[in-house]
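Oh and the sequence shown: position 65 is 1302 in the numbering used here, straight run, nothing missing.
By construction, the Cβ of each residue, glycine as well, lies at the ideal position given by its N, Cα and C atoms.
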Amino acid sequence: MTFMFVTVMFFVNPAIDGGNGSGVLELQLSFNKNSGIELIKSWGEPGVNNFKNLIFTDYLYAFSYSLFFASLISYLTQKKGGELGFASITFVSLALLSGVLDCVENSLELSFVNDPHLFSSGLFYVHSMIATLKWVAIASVMIYIFVLLIQKNKFHTP
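Quick look at the structure:
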């Protein structure tokens, strides 16, 4: 997962927007089709081509982080001596859902980048809502993992 994070954040995204890579995040959360069009125009043709050619890495990243988080929650829950209860099952599901949302978001972005003028404004808004939900899900899962780590260390006896 770390390898995919470094690849996407420090190589793929900067190759797309020609800057620090934040342009990809801006596209996800812009909510306005015209803002999205202006954003991809700022990438230029090389950036748009890089987006189209490298989008597969984001699908791989979504798969890897969602599976990693779901597995980590399961591991930490069992290491704590408990069974997967309602909370852990909920957060395992949320981890997996975040990957699914990421893949849907990627597909909508690819469709938008391929033909931004024909892409529906309403669908672009939905795309940004999906991206927002993905980020909320990821943050929630990471907070839950942090809580599990604190509990594991609290009850750990050397």
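DSSP state of S1365, grouped into three classes? In this structure, S1365 counts as helix in the three-state DSSP scheme.
Going along the chain, which unbroken runs of the alpha helix (DSSP H) with 4 or more residues stay wholly within the region 1309 to 1393? If we require 4 residues or more, the alpha helix (DSSP H) runs fully inside the region 1309 to 1393 come out as 1323 to 1351 and 1358 to 1392.
Cβ contact check for the region 1266 to 1284 and the region 1297 to 1315: 3 or more pairs under 8 angstroms: Here the region 1266 to 1284 makes no contact with the region 1297 to 1315; the two share fewer than three CB pairs at distances below 8 angstroms.
Below 8 angstroms on the Cβ atoms is my contact criterion, and I expect M1374 with L1334 to pass it. Report the Cβ-Cβ distance as a whole number of Å. It is worth fixing the name first, because residue 1374 is Ala in this sequence and not Met. Yes, they are in contact, since the Cβ atoms of A1374 and L1334 sit about 6 angstroms apart, within 8 angstroms.
Quick one: any contact between the region 1250 to 1261 and the region 1284 to 1291, if contact means 3 or more CB pairs under 8 angstroms? The answer is yes - the region 1284 to 1291 touches the region 1250 to 1261, with three or more Cβ pairs under 8 angstroms.
Of the residues L1355, I1380, S1308 and L1266, which one's Cα is nearest the Cα of V1363? L1266
Throw me the rounded Cβ distance for the A1324 and V1378 pair, which I believe falls under 8 angstroms. No, A1324 and V1378 are not in contact; Cβ-Cβ is about 12 angstroms, not under 8 angstroms.
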